[in-house]
Structures are given as structure tokens and as C-alpha cells.
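FYI, in the numbering used here the residues of the sequence shown are 12 to 613. Ideal Cβ positions, reconstructed from N, Cα and C, are used throughout, including at glycine. Please read all numbers here as calculations on a predicted model, not as lab measurements. Structure first, then comments.
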Amino acid sequence: MAIHLPDPVDLYTQRLRELNEIKAAALRREKILGIAKVILAGLTVLFAFWLMRHTRLIELIAAPIVLYIVLAVFHEKLLRSIRLHSRAIEFYERGLGRLQDRWAGHGETGDRFLDPAHLCARDLDLFGSASLFELLSTARTRAGEETLAAWLLTPAPVPEILSRQAALRDLAPRITFRESLFLLGETVRAGVHPDALAAWGERKPAFPARSLRIATSLLALLWIAGLVAWGLWDFWWLAALLTLVNLGWSRHLLTRLDEAADAAENATQDLALLSGVISLLERESFTAPKLQQLQAALNTGDVPPSAALRKLIRIVGYLEQRRNMILRPLDRVFFWSAQLLFAAERWQQTFGPQIRGWLAVVGAMEALTSLSAYAYEHPADVFPDLLEPSAVSHPLFDAEGLAHPLMPAQVAVRNSFMLSEEKQLVILSGPNMAGKSTFIRAIGLNAVLAQCGAPVRATRLRLSPLAVAASICVLDSLSGGVSRFYAEIQKIKHIADLTHGPVPVLFLLDELLSGTNSHDRLAGTEFIVKTFVARNAIGIVSTHDLALTRIPEAMGPRAANYHFQDRLQVGRLLFDYTLKPGIVETSNALELMRSIGLDVTP
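Right, dumping it as C-alpha cells:
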């Protein structure tokens, strides 16, 4: 069933109006404070010149200085507030962009997740500009992006899908929660690198020996004692000796110390974002079991993960000061950076093994939050009915009112379509630009959405677990010496291998074997689809070659012909994009050529 919540366009528009008013008022106050600071600074300088003639009143200079500091503090707080309101405005503007189909090119494309070997990622536009990932992702951390990408690439088991659906129903109304999550990070590209952080948490300490840590601490204390002895009893030789000893010890530690400190700093970049996300998750009260389980996974000890991360942030922040050229000579005899590194490694031994689990929770929560935003912003989309493998022995894809989820809802034409044990194959014919490729992608994208737990662009969808495989966007390789035809048959071979697996395959083939002659194309296509069907697969093959429409005749009721058609009206080609049974009876190639000015005679 669809989610029924307050209209997202109205809510986002109202919030934008409120935020813009608040920001405008804050900007006016900021301008006044800025002018006040300039005026006060000028008056302070004049006052200082006057006090130079009245030195008995010199302490009065503290008053304007204190006032300037107070103004500066308020000014900085106001600037921080303006930045947060600007980010909140961006959150709602991006939401409106998605609702008004202006989202393409304004989000994270997920290009780095595009695996050329995946059997549907490129064909279904899962990643890249104007992709499904760009539409869905609101993640602020790389862990969130990686989890969402993994969910799109790999279908989940039915119980997991159902638990995600329940979580989305819980999260969908939580607009404020999603806004707060968005405010935490400027950009995901600068966010936490989960693999590096998790690997650092699990690595062995650079200084595991307790005796070494004790010796370093004692040498630092002895050096301080040597300075005291020099000051009290003029034992300068003792201070000099201890300085030499500590310099030698520092040289012994230096290489390992720098390597370990660099590793800690590189792995823990932007931990404030991760700590903020976890803190937000710790405070929220959820009702869905999956969300509660994720929260419980964070409670692995007496110290909340957000508090533990804040402690590490402080340690690493102080450790970064080791590069200060003024403090560095002192560090060679006092070992304060070594002590900080020892503290970081104690933290690492206590909490490091839990980092990977924390990141998994953050990733899952952000992926669910992204999908919940999609669910809220598309109230007409429905959650599909997933059939347990034990409840159905044959593949099923049964959709009513199915449309392409990346197209504007007001222009996408909906069609009903079913593949099942009784009808495993559809040969889809039709003229150019009639909508065949778009329809095939709509089937695949909705299957991907359904099996990652999201709502689908349909009025109803029932399906069994399916492995989606497509051959729609086949690319040749000039540098690799691979023709389009050879690349296509390689992909078909991979799909054929997939049909041997335990999950039935949903195959989506657009203009199959178009790189060969009509005779070989018919023979090759017939062999391929009969092989797939014999292995319990279901699917659709689009074609311009009407010879392929003879295939269902040889397969009986397990195969059928469907088509899209056009019509010529007042010299213009019109398309209704409505799926119809049977074989297409029209062709528009010549008309399309004439429409662009080519003088083609029949």
C-alpha cells in the first residue's frame, strides 16, 4: 500500500519560506554586528591613543577589548547559524528539485560503484548522471553511499526486504530527522573513509610493549625533574644529561612514531561527521524492529560510540599539533605527542574492533534514510508484495500501472505486464522511439527497487526473488579490440551462467544480436531464449526485426508477442507508449528520416 503523509511539495515549500525568512533576518543582524565590530575597533584605537596621554587610566582599555571579544563571539555564532540555515535551505531545495524533476546533475552520481562486469548496473542506469543512485542518495557519509550502492547491486532476501519496508514506513514521516542528518556534513566527498578507519581500528598497535610506554613516561618526568633541579640547585649538568638521553630516545621512537601518527590522522579524517551521525541515531526513538536492532548494535559497551569518537577526535586534534615548528623541539624531550599516540592506541585497542560494526550501522541507517525520503516524496508509489521462495516454485513478475521511476510521473505512461510460469517470454516489437527500451528499463529498475526494499513506480507489483540481468547498453572497445557483437555475446554468456544459479533470472534484452544478419539473428535469439526459458528464467526481448516475432509460434503458450505502435497524424508521428498484445504492423524509419530533412523515397 502507498504511504499517505502531508503533501511533500507543500511542506518543503513552507519550510523553505520559513528558513529563508530566518536567514534573511540573521543576515541583517550579521551586517549590523559586522559594522559594529568595525566601528568599535576604530573607537578602540582612538581610545588607546588618548590613554597614551593618560597612562593612569590605561586599564580602561580592557573595556572596549572585552566588548569587542563579546561581539566577535556573537558574530561567529551568528555566522554558524547562517551556515546551518543555508544547508537546511539546500536540503529542502534538493527535495523540491526531486519532486519537480530538476534533480539530475545536482546529487552524488555514484560513478565509482559502476562495475562494468555487473549484469544490469550500466544497462539500467543504476549509477552515473541522472541515475537511480543520484535520485535516491541523500547520504552524508561514504559508508551510507556504499551501503545504498550495495543494496542496488545485490537483491536482498525476502525477510530482509520486508524488514526494510517496515523501517521505511517508520522513517518516511521523519523529515526533521533527515534534515538534521543532512546538516551534519558539507559534502560526502570529504566524509569519512570507512575502509581506512575500520582497518586502522583493527591493526596492531605500533607500540604494544607496556615497558616502552612506561619508559617514555618516566623519561619525560625525569627531564622535568632535571629542569627543577637546575632551577633550585643549579644542577645544569643533570638537565643537560637528561636532555641528551631523551633526544636519543626520541630518535629511537621517531620513525615508528611518525608512521603511526600519520596512519591515525589519515584514518580518522572528519570523525566529527561520523560522531554526529551516530549521536543523532542514538537519540532518535524508533518503532520499526530493524531500526531498533541497528540502534542496539551501537550499544556494545558502557561508553556510547558517539562519546568514544569525541574522545578520539580530541586526541587526534592534539596529536596534529606535533607538526608545529615551535613546539616540535620541546616534543623531542617531553614526548607529549608520544603520550597522545599511546592514548590513541589505547582507544584503538578498546574501541577499534567495534568501528566496522559502527560503520555498518551508519551505512544501513543512511541507506534506509535515503530510501525513506524517496518513499515520502513519491506517495503514489507502492511497496511490492514479495513472495517467499518457499511459497512459489516458479518465477513471477506481475505489475499493474508500471512506469519508469526516473521519468517525471506526470508524463510516464503506465502499463500492466506479467511474466510467470505460464508466460516466461515476451517478444516486444515496435517502431523507433515507441518506448521499447524505456519499458524494458522500467521493468528492471522496478525489480531493483523492489528487491532493495524501496517502493516501486506501479499501482501493484507482485514478484518472486529474481536475479536481474540486462543487455541494453552494450559498448564495444576499440582499444581492447572488442566489437559490439562480441561484447554482446560475452554478456549473454554471463547471463546464461547466471541461469544455473538458485535464483531465477529476469532477463531484459534490447535489440538482441543486432550486429549480425537476419538469419543468424533469428537462429541465435531462438536458441538463447529457449535455453533461458528451459532453465526457469523469465524475460523480454525487444526487436525491430519482425522475423523474431515467429519465435513464440515455436514455444506455445510460454511465449507471447507484444508491441508498441505509432500513428501518423497531419505529417507528425505520434506515440501513445501503451503496451498492446500481438505484433506491430507499422514502421516509421522512413518517416523519421524525412522528418529531419532527408529526402527518402520508398
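Terminal residues of the alpha helix (DSSP H) in which residue i lies
i           : result
residue 104 : 73-110
residue 152 : Segment: none, residue 152 is in no alpha helix (DSSP H) and carries neither H nor E.
residue 236 : 221-244
residue 574 : No alpha helix (DSSP H) holds residue 574; the beta strand (DSSP E) holding it covers 570-574.
residue 418 : Careful: residue 418 lies outside any alpha helix (DSSP H) and carries neither H nor E.
residue 359 : 347-362
residue 195 : Here residue 195 belongs to no alpha helix (DSSP H), and DSSP marks it neither H nor E.
residue 212 : 205-213
residue 500 : 495-509
Secondary structure of residue i, DSSP reduced to three states
i           : result
residue 591 : strand
residue 31  : helix
residue 465 : coil
residue 277 : helix
residue 480 : strand
residue 546 : coil
residue 299 : coil
residue 440 : strand
residue 128 : coil
residue 586 : strand
residue 135 : coil
residue 577 : strand
residue 379 : helix
residue 396 : strand
residue 114 : coil
residue 4   : Outside the modelled stretch of the chain, which goes from 12 to 613, sits residue 4, for which no answer is possible.
residue 528 : coil
residue 18  : coil
residue 250 : helix
residue 596 : coil
residue 563 : helix
residue 40  : helix
residue 446 : coil
residue 141 : coil
residue 512 : coil
residue 263 : helix
residue 66  : helix
Cutoff 7 Å; reference residue i; Cβ partners in own chain excluding five residues on either side
i           : result
residue 540 : 436, 552, 562
residue 578 : 585
residue 285 : 152, 203, 320, 373
residue 295 : 188
residue 199 : Residue placement at residue 199 is poorly supported in this model, since its pLDDT is 46, which falls under 50; the coordinates still yield a value, given next. Answer for residue 199: 119, 150, 151, 152, 153, 156, listed in chain order.
residue 125 : 132, 133, 138, 139
Residues of its chain near residue i, where Cβ-Cβ distance is below 6 Å and the 5 sequence neighbours each way are ignored
i           : result
residue 383 : 179, 182, 183
residue 263 : none
residue 362 : 319
residue 205 : 153, 154, 370
residue 490 : Residue placement at residue 490 is flagged as unreliable, the pLDDT there being 42, under the threshold of 50; a coordinate-derived value is accordingly withheld.
residue 463 : 162, 163
residue 344 : 234, 254, 257
residue 353 : 224
Contact belief for residue i with residue j at Cβ below 8 Å, rounded distance in angstroms
i           : j           : result
residue 109 : residue 388 : 6 Å
residue 572 : residue 454 : Incorrect: roughly 17 Å between the Cβ atoms, too far for contact.
residue 472 : residue 407 : Not quite, the Cβ-Cβ distance comes to about 10 Å (not below 8 Å), so this is no contact.
residue 112 : residue 138 : Residue 112 to residue 138, Cβ: 19 Å. No contact.
residue 326 : residue 208 : Going by Cβ atoms, the distance from residue 326 to residue 208 rounds to 14 Å, so no, they are not a contact pair.
residue 398 : residue 461 : So it is not a contact: roughly 11 Å between Cβ atoms.
residue 521 : residue 549 : About 16 Å separates the two Cβ atoms, so there is no contact after all.
residue 509 : residue 478 : 6 Å
residue 177 : residue 322 : Wrong, their Cβ atoms sit about 35 Å apart, outside the cutoff.
residue 333 : residue 348 : 4 Å
residue 193 : residue 102 : 4 Å
residue 84  : residue 195 : Actually they are not in contact, since the Cβ atoms of residue 84 and residue 195 sit about 23 Å apart, beyond 8 Å.
residue 467 : residue 392 : 6 Å
Residue i - containing beta strand (DSSP E), residue span
i           : result
residue 412 : 408-413
residue 521 : 516-521
residue 429 : 426-430
residue 473 : 471-474
residue 647 : Past the edges of the chain, shown from 12 to 613, lies residue 647, and the structure says nothing about it.
residue 288 : Here residue 288 belongs to no beta strand (DSSP E); instead the alpha helix (DSSP H) covers 282-294.
Neighbourhood of residue i by C-beta distance below 8 Å, restricted to the same chain and skipping five residues each side
i           : result
residue 140 : 115, 116, 120
residue 34  : 93, 96, 97, 100
residue 213 : 363, 364, 366, 367
residue 19  : 106, 110, 387, 388, 390
residue 527 : 496, 535
Of all the alpha helix (DSSP H) runs that stay within the bounds of the segment 307-341, which reach a length of 4 or more residues?
316-330
In chain order, each alpha helix (DSSP H) run of at least 4 residues that lies wholly inside the segment 159-189
169-182
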